[in-house]
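Some notes on the structure that comes next.
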Amino acid sequence: MEDSAELESILPYLPLVIGSSRRLLWPSKVVEALEAMSRGPDHSLVNCGEVLSIAISDMRASLSLADPLALSAPLGYALFFDELMSGADSRKWFAEDIPKLANLLLRLPSLLEVHYQNSRAYGYGLRILGPQQPGMVLLSQELIGALLACSLFCLFPISNRGLKHLPTINFDQLFASLYDSYSESQENKVRCIICYFQRICLQMPTGSVSFERKLLSLEHHPWQSFLSYPYADFWTKSTIPLCPFQVHSSGLIEDHAIEALEVDFANKYLGGGALHRGCVQEEIRFMINPELIAGMLFLPSMADNEAIEIVGAERFSDYTGYASSFRFSGDYVDKRSVDFLGRRKTRIVAIDALCSPRMKQYKLKYLIRETNKAICGFLDQSKYSQYKRIFKMNSVQLNEGSSLPIKAKGESRTEEVRKSDEKSWRLEDCENYIGIATGNWGCGAFGGDPEVKTIIQWLAASQALRPFISYYTFGLEALQSLAQVTQWIILQKWNVGDLWNILIEYSSQKLRGEADVGFFAWLLPSLPK
Numbered sequence: 001m002e003d004s005a006e007l008e009s010i011l012p013y014l015p016l017v018i019g020s021s022r023r024l025l026w027p028s029k030v031v032e033a034l035e036a037m038s039r040g041p042d043h044s045l046v047n048c049g050e051v052l053s054i055a056i057s058d059m060r061a062s063l064s065l066a067d068p069l070a071l072s073a074p075l076g077y078a079l080f081f082d083e084l085m086s087g088a089d090s091r092k093w094f095a096e097d098i099p100k101l102a103n104l105l106l107r108l109p110s111l112l113e114v115h116y117q118n119s120r121a122y123g124y125g126l127r128i129l130g131p132q133q134p135g136m137v138l139l140s141q142e143l144i145g146a147l148l149a150c151s152l153f154c155l156f157p158i159s160n161r162g163l164k165h166l167p168t169i170n171f172d173q174l175f176a177s178l179y180d181s182y183s184e185s186q187e188n189k190v191r192c193i194i195c196y197f198q199r200i201c202l203q204m205p206t207g208s209v210s211f212e213r214k215l216l217s218l219e220h221h222p223w224q225s226f227l228s229y230p231y232a233d234f235w236t237k238s239t240i241p242l243c244p245f246q247v248h249s250s251g252l253i254e255d256h257a258i259e260a261l262e263v264d265f266a267n268k269y270l271g272g273g274a275l276h277r278g279c280v281q282e283e284i285r286f287m288i289n290p291e292l293i294a295g296m297l298f299l300p301s302m303a304d305n306e307a308i309e310i311v312g313a314e315r316f317s318d319y320t321g322y323a324s325s326f327r328f329s330g331d332y333v334d335k336r337s338v339d340f341l342g343r344r345k346t347r348i349v350a351i352d353a354l355c356s357p358r359m360k361q362y363k364l365k366y367l368i369r370e371t372n373k374a375i376c377g378f379l380d381q382s383k384y385s386q387y388k389r390i391f392k393m394n395s396v397q398l399n400e401g402s403s404l405p406i407k408a409k410g411e412s413r414t415e416e417v418r419k420s421d422e423k424s425w426r427l428e429d430c431e432n433y434i435g436i437a438t439g440n441w442g443c444g445a446f447g448g449d450p451e452v453k454t455i456i457q458w459l460a461a462s463q464a465l466r467p468f469i470s471y472y473t474f475g476l477e478a479l480q481s482l483a484q485v486t487q488w489i490i491l492q493k494w495n496v497g498d499l500w501n502i503l504i505e506y507s508s509q510k511l512r513g514e515a516d517v518g519f520f521a522w523l524l525p526s527l528p529k
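To convert, note that position 11 of the sequence shown is 11 in UniProt numbering; the numbers rise steadily by one, no gaps.
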């Protein structure tokens, strides 16, 4: 196998070694253990959770992994597979699924070699997609299955992951949490993961999933192929029309009927508490679409000007409830169509909001931060040439030596011409465009103001030329008048700049103690209390 910068960046975080023939290999003792498991429990004696945890420890020792597993992880494996799982399901798991997963792990080196051969021409190879490095990794679903099997068996080295700001990747904490502080929701998270492995053992999917780090540049260079971080003048002067706003008081983002970019209310560390005890919006999405977890291997935490978009992750589980009431409710057959890369047309964007912002969320600095975080996620950065026109249309340019946009010199177009251009550009750019499906991003556990966060996402979706925003309120009482407010705003024919300036005025009054009501009641005092 040829050396490559891509492989070099990820190799310290993989459980494989490069042999004398320059090929990726498992250490010989790991091969022996996996081959025994692949022949079934009569050969390997791996017939229960307790013995599985011992086999995991032995393989980790063969890999010279010095970092210990979570203390209660062996007890968690034993609890789930030997007590919580039915006897019939447990016997089938160890007789049929564990051997298939062992075979899949044995093929991990060859799967990676094929992956690098296929991706060499396109630059989509598996690598650490580091901070401030926009780029994409494209993985086959089979390779993802092998990587997640490594997570199940806790085979990834973790000693240097903290230094790279990489999230948790092994499943030891997931199982340890099940034992340390049992809850039905935690048990059902594990059931979703096991459902995924059972499904791929029954029939391996043949598609692919892409993981993209998206970026708004903090510096401006005329040759850069991505957009600069907007500041206050950009938003104040925007003349982009507001996109249509659809309100859903019931339903779920992942069940949105029309293809859309679905928002993951993310932690800055992708996946948040998915592999720990977390069980809210992001963690649930990672359980029902487990292929998302693969991104946690190579995507470090997000900065304020970054977002992560994942396309193609298949859904395997159905569920009910939320947080402590979350329950796995059986198989889910994902019927979404695929694109030319073999990716299911499921687009998920991870954007992390401010955590516990309290009053600072009304300060201009943080309103800009949140709006820019949303637009970074909502922009389709493959349409860079169209977005350059948006920036020009806003009559801004970058001041020499600064990233602060200012009014373009010599701007003399009339308002009538500008409105005509806006209309034609929106029709051209949105003809086959995909809208936004979102909800109470940055609210709930994160503590954001839901009325303000709603407006921020609307501004970002409109500025990104998305043809619609579908908003799921999850029955939140604070948003019961959302449909009325958004309809009224649209009737005013405001543009992005108009609504931004009104939001800034409200936030300023809020900071000065002059506004003691929410944004909606402040904007429309006649709203029913």
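Idealized CB from N, CA, C, for every residue including glycine.
Which first and last residues belong to the alpha helix (DSSP H) in which residue i is found?
| i | result |
| --- | --- |
| Gly162 | Here Gly162 belongs to no alpha helix (DSSP H), and DSSP marks it neither H nor E. |
| Glu306 | Per DSSP, Glu306 belongs to no alpha helix (DSSP H); it is in the beta strand (DSSP E), 306-311. |
| Gln186 | 184-202 |
| Asp331 | Element bounds for Asp331: not the alpha helix (DSSP H) but the beta strand (DSSP E), 327-331. |
| Arg369 | 364-378 |
| Gly19 | Counting along the chain, Gly19 falls outside any alpha helix (DSSP H), and DSSP gives it neither H nor E. |
| Ile489 | 482-491 |
| Ala464 | Neither: Ala464 is in no alpha helix (DSSP H) and is coded neither H nor E. |
| His115 | 108-119 |
| Ala149 | 141-152 |
Beta carbon of residue i, beta carbon of residue j: below 7 Å?
| i | j | result |
| --- | --- | --- |
| Leu106 | Leu34 | yes |
| Arg199 | Phe328 | no |
| Gly342 | Ser208 | yes |
| Asp264 | Glu283 | no |
| Val280 | Tyr471 | no |
| Arg358 | Asp304 | no |
| Met136 | Ser181 | no |
| Ile288 | Tyr319 | yes |
| Phe245 | Ile469 | yes |
Could you check if residue i is buried or exposed, using at least 16 other CB atoms within 10 Å of its CB as the buried criterion?
| i | result |
| --- | --- |
| Pro15 | buried |
| Glu507 | One detail in the question is off: residue 507 reads as Ser in this sequence, not Glu. Buried. |
| Ile258 | exposed |
| Gln203 | exposed |
| Gln117 | exposed |
| Val452 | buried |
| Met302 | buried |
| Ser177 | buried |
| His43 | exposed |
| Pro222 | Annotation note: pLDDT 49 at Pro222 (below 50); position unreliable, coordinate value reported separately. Under this definition Pro222 is an exposed residue. |
| Arg512 | exposed |
| Gly435 | buried |
| Thr473 | buried |
| Ala88 | exposed |
| Gly49 | buried |
| Glu428 | Confidence at Glu428 is low in this model, with a pLDDT of 45, below 50, so the placement of that residue is unreliable and no value is reported for it. |
Grab me the residues of residue i's own chain with a C-beta within less than 6 Å of its C-beta, minus the 5 sequence neighbours each way, in chain order.
| i | result |
| --- | --- |
| Arg60 | none |
| Asp172 | Leu69, Ala70, Ala73, Cys154 |
| His115 | Leu143 |
| Arg336 | Arg344, Lys345, Thr346 |
| Ala55 | Val46 |
Once the 5 residues before and after residue i are set aside, which same chain residues still bring their CB inside 7 Å of it?
| i | result |
| --- | --- |
| Ala95 | Gly40, Pro41 |
| Leu148 | Pro290, Ile293, Ala294 |
| Thr371 | Trp235, Ile456, Leu459, Ala460 |
| Ile98 | Met37, Val46 |
Report the CB separation of residue i from residue j in whole angstroms; it is logged as a contact under 8 Å.
| i | j | result |
| --- | --- | --- |
| Leu308 | Lys214 | Per the sequence shown, residue 308 should be read as Ile rather than Leu. Going by Cβ atoms, the distance from Ile308 to Lys214 rounds to 7 Å, so yes, they are a contact pair. |
| Arg127 | Glu254 | Not quite, the Cβ-Cβ distance comes to about 29 Å (not below 8 Å), so this is no contact. |
| Asp269 | Pro167 | The sequence shown places Tyr at residue 269, not Asp. About 4 Å; that satisfies the 8 Å criterion. |
| Gly475 | Ser250 | 7 Å |
| Ile348 | Ala323 | Not a contact, Cβ separation roughly 20 Å. |
Taking 6 Å as the cut-off, is the CB of residue i close to at least one heavy atom of the ligand MN?
| i | result |
| --- | --- |
| Ile200 | This structure lacks the ligand MN, and indeed carries no ligand of any kind. |
Does the beta carbon of residue i sit closer than 7 Å to a beta carbon anywhere in chain D?
| i | result |
| --- | --- |
| Phe286 | The structure shown contains no chain D; it holds only a single protein chain. |
Can you name the start and end residues of the beta strand (DSSP E) that residue i belongs to?
| i | result |
| --- | --- |
| Phe234 | Element bounds for Phe234: not the beta strand (DSSP E) but the alpha helix (DSSP H), 232-236. |
| Ile240 | Neither: Ile240 is in no beta strand (DSSP E) and is coded neither H nor E. |
Please list, in chain order, all residues of the same chain as residue i whose beta carbon is under 8 Å from its beta carbon, the five residues on each side excluded.
| i | result |
| --- | --- |
| Ala146 | Leu104, Leu105, Arg107, Leu108, Leu111 |
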